[in-house]
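Take a look at the structure set out below.
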Amino acid sequence: MGDALLQYQSAATVTVDVLLPLSVITSYPLPKTGANCGDRPMYQLELSSMPFSTLGLSEEIVRAVTERGYTEPTPIQAQAIPAILSGGDLLGGAQTGTGKTAGFTLPILHMLSDKSVKGPSEGRPPIRALILTPTRELAAQVEESVREYGKYLKLNSMVMFGGVNINPQIQRLRSRVDILVATPGRLLDHVGQKTLDLSKVEILVLDEADRMLDMGFVRDIKKILALLPKRRQNLLFSATFSDEIKALADSLLNNPAMIEVARRNATAELVSQKVYPVDRDKKSKLLAYLIREHNWFQVLVFTRTKHGANRLAEYLAKVDIPSLAIHGNKSQSARTRALKEFKDGTLQVLVATDIAARGIDIIDLPHVVNFELPHVSEDYVHRIGRTGRAGAEGEAISLVCVDELKLLADIERLIKREIPEEVVPGFEPDRNAKPEPILNGQNRGQRSGQGRPGGNNRQGSKPSTQSLAKPRGAPSHQGAGNSSGRPAAPRRTGGRSR
Ligand code: AMP
-13 MGDALLQYQS AATVTVDVLL PLSVITSYPL PKTGANCGDR PMYQLELSSM
37 PFSTLGLSEE IVRAVTERGY TEPTPIQAQA IPAILSGGDL LGGAQTGTGK
87 TAGFTLPILH MLSDKSVKGP SEGRPPIRAL ILTPTRELAA QVEESVREYG
137 KYLKLNSMVM FGGVNINPQI QRLRSRVDIL VATPGRLLDH VGQKTLDLSK
187 VEILVLDEAD RMLDMGFVRD IKKILALLPK RRQNLLFSAT FSDEIKALAD
237 SLLNNPAMIE VARRNATAEL VSQKVYPVDR DKKSKLLAYL IREHNWFQVL
287 VFTRTKHGAN RLAEYLAKVD IPSLAIHGNK SQSARTRALK EFKDGTLQVL
337 VATDIAARGI DIIDLPHVVN FELPHVSEDY VHRIGRTGRA GAEGEAISLV
387 CVDELKLLAD IERLIKREIP EEVVPGFEPD RNAKPEPILN GQNRGQRSGQ
437 GRPGGNNRQG SKPSTQSLAK PRGAPSHQGA GNSSGRPAAP RRTGGRSR
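Be aware that the sequence shown starts at -13, since it is given in the working numbering, and climbs by one per residue.
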């Protein structure tokens, strides 16, 4: 498996408007017209010569997929489907937006409905496939896909996640469930209550495994693995490949086929990126100004914290920009409502944390805003990968204050390019502003309230002891001197001099 960084770095240098496989290592034969193009971009023409019907899926599944409007498989589908149908384990390097969900659900549906494969003969049919996801939203979406793609089959699926009453789930488990899509915590609640039997699972999927580990599910996953039969097929999907993921893959997978694809436009040229230098306490006002000035709709805004997401959504709503926040502390119904309104265009702005946005099928958006830069540079790539429509330009903007220069430098190093900047008249950042540590994801000015005039709300803070204060190679948090001679652009003080 190639380094996930390579995936992003390569994507930054290639202009494509279709899904793009960047490196593919397979341990099985690929179809003739196959997606194994090494590092070559794959264009739609190549894809269209391989219809779904050539992948070995049943007529019922092809019919459902065609009705859904898919004319040809995406690269990950073209590769994963034959690999999974062959019965082996799979390690997939792919994120939301690549079509990975159909990549694993279609062959699972096929295998479970295939009459030539004998199922158990006595008693209530057992759960045969278990799909674990990090978030409720992703679980709901995956199960919806299972139902839709399997609508002409006699298979039953169920979704199981926390934050809702457990009793209807217990009730549902009393009837037939062939495919269970679950988040780990609630699944273990059921195990604790002895309402769930996983002893006959034939296929296990860990979807967005990196996010599951980030969210601290590693022990839960290990507990769940111990409940499954030893002989089974394992499919692991992850957007990144940390040592932890590699260790998990090593312990879980047996001689897996390996596939890696990048999502269309992951920092590709089609996403126009821009940095707006601004003082930390003027970010909200600048965002409201930009949204109004450019008449932006369907704006996905990222904050680092749940609290920050709430506060920003409240501020925007107060200045008459319809806006809701979505994060892990919101009730399931609030999350579902926000997402629905955002998708159908009635909600102008959705403010999200990285984890909440992850796994949500909101891609191809016209505008993505980094209200705060993420601590992890790869998250920047995930965030901006949500924008850019096929062939059309998407726009990803970042509001960057002096505290975030180190984060910006890290991002630019990762994507191997400088992001152009624009200072908005009336929002020129204070040249003399001193960087402050970002503690618990929040800038000091933001912790102490929004939109206060003057802005310099320093209270004798000590430099952070967290990683941000310990630059790894790039200069960080330097003063606001301006080496480029351009006015009041804090990033010039730290972002360019490496
Ligand atoms: P996923 O990466 O699985 O979350 O899928 C991202 C989006 O691509 C979803 O909206 C899917 O409905 C859509 N999609 C998946 N497969 C295809 C396909 N073969 N052709 C067109 N769209 C697809």
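Cβ coordinates follow ideal geometry from the N, Cα and C atoms, glycine included.
Out of the options, point me to the one whose CA is closest to residue i's CA.
| i | options | result |
| --- | --- | --- |
| ALA504 | LEU325, ASP75, PHE283, ASP330 | Shown here, the chain extends from -13 to 484; a query on residue 504 therefore has no answer. |
| PHE328 | THR226, GLN284, THR87 | GLN284 |
| VAL386 | ASP183, ALA338, ALA212, PHE288 | PHE288 |
| ILE424 | LYS140, VAL354, SER384, ASP389 | ASP389 |
| ALA343 | LEU222, THR332, LYS304, THR291 | THR291 |
| THR87 | ILE210, ALA303, PRO263, SER224 | SER224 |
| GLY55 | VAL187, PRO61, GLN65, PHE38 | PHE38 |
| GLN334 | PRO120, LYS180, VAL367, HIS280 | HIS280 |
| LEU272 | GLY149, SER99, ASP306, PHE413 | PHE413 |
| ASP196 | ASN220, ALA235, LEU190, LEU182 | ALA235 |
| LEU199 | SER317, THR169, LEU213 | THR169 |
| SER317 | PRO415, THR121, GLY178 | THR121 |
| VAL516 | THR226, LEU184, PRO93, ALA66 | There is simply no residue 516 to check, as the chain begins at -13 and stops at 484 in what is shown. |
| TYR262 | ILE405, ARG205, MET36 | ILE405 |
| GLU300 | GLY314, VAL337, ALA320, ARG323 | VAL337 |
| ASP350 | ILE370, ASP340, ASN356, THR339 | ILE370 |
| ILE245 | ASP75, ALA50, VAL355, ARG266 | ASP75 |
| PHE227 | ALA212, MET97, GLY79, PRO215 | GLY79 |
| LYS216 | GLU230, PHE203, LEU222, LEU190 | LEU190 |
| TRP282 | VAL247, HIS313, PRO352 | PRO352 |
| MET146 | LEU182, PRO111, LEU213 | LEU182 |
| VAL499 | ASN220, LYS186, ILE231, GLN179 | Residue 499 falls outside the range modelled here, since the chain spans only -13 to 484, and no answer is possible. |
Helix, strand or coil for residue i? Go by DSSP, reduced to three states.
| i | result |
| --- | --- |
| ILE424 | coil |
| ASN418 | coil |
| HIS96 | helix |
| VAL261 | strand |
| GLY467 | Note on GLY467: pLDDT 30, under 50, position unreliable in the model; the coordinate value appears next. In this structure, GLY467 counts as coil in the three-state DSSP scheme. |
| GLU230 | helix |
| MET542 | Because the chain in this structure spans residues -13 to 484, residue 542 falls outside the shown range and cannot be described. |
| ILE152 | coil |
| GLY83 | coil |
| GLN127 | helix |
| GLY89 | helix |
| ALA115 | strand |
| SER309 | strand |
| GLY78 | strand |
| ILE210 | helix |
| GLY380 | strand |
| GLN157 | helix |
| PRO170 | helix |
| GLY314 | coil |
| PHE413 | coil |
| VAL362 | coil |
| ARG110 | coil |
| SER185 | coil |
| LEU239 | coil |
| GLY294 | helix |
| ALA395 | helix |
| LYS329 | helix |
| TYR138 | coil |
| THR52 | helix |
| SER270 | helix |
| LYS180 | coil |
| LYS402 | coil |
Return the bridge partner residues of residue i from the DSSP annotation.
| i | result |
| --- | --- |
| SER319 | None, per the DSSP bridge assignment. |
| LEU351 | THR373 |
| GLN63 | Looking at the DSSP assignment, GLN63 forms no beta bridge with any residue, so it has no partner. |
| GLU58 | Answer is none; GLU58 lacks a bridge partner. |
| SER39 | DSSP output for SER39 lists no bridge partner at all. |
| THR289 | THR339 |
| ILE165 | ALA115, SER143 |
| VAL190 | According to the sequence as given, residue 190 is Leu; it is not Val. DSSP lists LEU116, ASN220 as partners of LEU190. |
| ASN281 | In the DSSP output, where bridge partners are listed per residue, ASN281 has none listed. |
| LEU385 | TYR262 |
| GLU407 | VAL261 |
| ASN356 | PHE288, SER384 |
Given the structure, does residue i come close to the ligand PLP, in the sense that its CB is under 7 angstroms from one of the ligand's heavy atoms?
| i | result |
| --- | --- |
| ALA88 | Of the ligands one can find in the structure shown, namely the ligand AMP, none is the ligand PLP. |
Query raised in the report: Can we say the stretch 67 to 74 touches the stretch 145 to 165, given the rule of at least three CB pairs closer than 8 angstroms?
Result: no
Requested in this report: Could you tell me whether the stretch 137 to 152 touches the stretch 359 to 368, where touching means 3 or more Cβ pairs closer than 8 angstroms?
Outcome: no
Query raised in the report: Hey, is the stretch 254 to 269 in contact with the stretch 231 to 245, meaning 3+ C-beta pairs nearer than 8 angstroms?
Result: no
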